[in-house]
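Student:
Numbering (my numbering), first residue to last: 177 to 386.
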């Protein structure tokens with residue numbers, strides 16, 4: 177196994193307790209106050225640790241300096257957002273907005289080529305517009321539309337083919353997950369599916385394939 181993957185997995189395991197605490201705090205239905213620190217509830221430690229280690233391993237294996245910094249930032253927030261969305265079907269602004277701001281700052285600090293930064297900006301705008309339109313026309317949350325520009329900016333670093341791959345991977349994963357839920361009768365035809373985890377995993381797979 178590559179050294180980067182091992183280091184990334186180890187970093188994910190170290191961050192897992194903090195990520196689990198954040199997911200527990202923000203995994204509350206819309207309109208309810210954030211869960212107090214230390215209060216019961218939220219995802220288990222083991223699932224968060226496994227996901228964080230897996231995400232860290234992929235980022236550590238696929239990223240090259242200076243791409244590592246913004247990808248690690250997105251990975252940390254992504255783990256929390258995935259568990260929150262899976263639990264309560266929401267991507268709160270308190271997570272998506274700092275994620276977007278931090279990603280933009282890290283891209284500006286680590287990418288010296290103006291053409292690449294411009295592509296990141298265009299990709300962020302493109303994915304944001306696509307998901308914004310879907311939120312208006314289809315049963316998709318605006319939290320997904322707020323997450324999309326961040327993923328577009330990071331994927332845009334690798335090129336337009338990676339942006340398109342990440343976009344389509346998300347829908348393929350959602351279709352597979354939804355089909356599995358229906359087959360196992362864990363979900364009915366009219367139930368909604370949290371799309372944030374599919375977006376995040378699709379982006380991660382696109383980075384791995386880039």
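Using N, Cα and C, we set each Cβ at its ideal position, and we do this for glycine too.
Just so we're clear, the structure is a prediction, and the values are computed from it rather than from any experiment.
(1) Tell me the residue span of the alpha helix (DSSP H) that contains residue 289.
(2) Considering only C-alpha positions, which residue in the set 264, 204, 205, 195 is nearest to residue 232?
(3) Check whether the Cβ atoms of residue 373 and residue 261 sit closer than 8 Å, and answer yes or no.
(4) Which ranges does the alpha helix (DSSP H) cover as unbroken runs of at least 4 residues, wholly within the segment 308-332, from first to last along the chain?
(5) If distances are taken between C-alpha atoms only, which option among 330, 362, 361, 350 comes closest to residue 384?
(6) Among the candidates 322, 191, 328, whose CA atom is the shortest distance from the CA of residue 435?
(7) My assumption, with CB atoms under 8 Å, is that residue 185 sits in contact with residue 251. Please give the rounded CB distance.
(8) By Cβ distance below 6 Å, which residues in the same chain neighbour residue 300 in space, the five residues on each side in sequence not counted?
(9) What first and last residue would you give for the alpha helix (DSSP H) that runs through residue 338?
(10) If you check the beta carbons only, do residue 323 and residue 279 fall under 8 Å apart?
(11) Given that a residue counts as buried once 16 or more other Cβ atoms are within 10 Å of its Cβ, and exposed if not, what is residue 378?
(12) Comparing alpha-carbon positions, which option in 209, 344, 201, 240 lies nearest residue 179?
(13) Can you grab the Cα-Cα spacing for the pair residue 336 / residue 247, in whole Å?
(14) Short of 6 Å in beta carbon distance, which residues of its chain neighbour residue 341, apart from the five on each side in sequence? Order them along the chain.
(15) Would residue 199 and residue 292 be called neighbours here (beta carbons separated by less than 8 Å)?
(16) Nearest CA to the CA of residue 350: which residue from 339, 333, 318, 369?
(17) Who are the Cβ neighbours of residue 298 in its own chain at under 8 Å, not counting the five residues just before and after it?
(18) Is the beta carbon of residue 197 closer than 8 Å to that of residue 225?
(19) Could you please give the first and the last residue of the uninterrupted alpha helix (DSSP H) stretch that includes residue 196?
(20) Does the beta-carbon distance from residue 211 to residue 221 come in below 8 Å?
Tutor: Considering the structure as presented:
(1) Residue mapping note: residue 289 aligns to position 113 of the chain shown, counting from 1. For residue 289, there is no enclosing alpha helix (DSSP H), as DSSP gives it neither H nor E.
(2) Taking the first residue of the chain shown as position 1, residue 232 is located at position 56. That would be 195, whose Cα lies nearest to the Cα of residue 232.
(3) Taking the chain shown and counting its residues from 1, one reaches residue 373 at position 197. Taking the chain shown and counting its residues from 1, one reaches residue 261 at position 85. Taking 8 Å as the Cβ cut-off, residue 373 and residue 261 qualify as a contacting pair.
(4) Within the segment 308-332, the complete alpha helix (DSSP H) runs of at least 4 residues are 318-332.
(5) Within the chain shown, the letter at position 208 stands for residue 384. Nearest option by C-alpha distance: 330.
(6) It is not possible to answer for residue 435, since the shown part of the chain is limited to 177 through 386.
(7) Position 9 of the chain shown, counted from the start, is the residue given in the question as residue 185. Position 75 of the chain shown, counted from the start, is the residue given in the question as residue 251. So it is not a contact: roughly 12 Å between Cβ atoms.
(8) Along the chain shown, one-based indexing puts residue 300 at 124. The answer, listed in chain order, is 325, 328, 329.
(9) The sequence position of residue 338 within the chain shown is 162, counting from 1. Looking at the DSSP string, the run of the alpha helix (DSSP H) that includes residue 338 is 336-359.
(10) On the chain shown, residue 323 is found 147 positions in, with the first residue counted as 1. On the chain shown, residue 279 is found 103 positions in, with the first residue counted as 1. Contact flag unset, no.
(11) By 1-based counting over the chain shown, the position of residue 378 is 202. Buried, because 16 or more other Cβ atoms sit within 10 Å of the Cβ of residue 378.
(12) For this step, residue 179 is matched to residue 3 along the chain shown. Comparing Cα positions, the closest option is 240.
(13) Locating residue 336 in the chain shown gives position 160, where the first residue counts as 1. Locating residue 247 in the chain shown gives position 71, where the first residue counts as 1. Roughly 17 Å separates the two Cα atoms.
(14) Your numbering for residue 341 matches position 165 in the chain shown. When the five nearest sequence neighbours on each side are left out, the beta carbons in the same chain lying within less than 6 Å of the beta carbon of residue 341 are those of 382, in order along the chain.
(15) Counted from its first residue, the chain shown places residue 199 at position 23. Counted from its first residue, the chain shown places residue 292 at position 116. Contact flag unset, no.
(16) Here the question's residue 350 lines up with position 174 in the chain shown. Taking only the C-alpha atoms, the option nearest residue 350 is 369.
(17) Position 122 of the chain shown, counting from 1, holds the residue named residue 298. 332.
(18) Counting from 1 along the chain shown, the entry for residue 225 is found at position 49. Counting from 1 along the chain shown, the entry for residue 197 is found at position 21. It is not a contact, given that the beta carbons lie outside the stated cut-off.
(19) The count along the chain shown starts at 1 and reaches residue 196 at position 20. Run containing residue 196: 179-202, per the alpha helix (DSSP H) assignment.
(20) Taking the chain shown and counting its residues from 1, one reaches residue 211 at position 35. Taking the chain shown and counting its residues from 1, one reaches residue 221 at position 45. No, they are not a contact pair.
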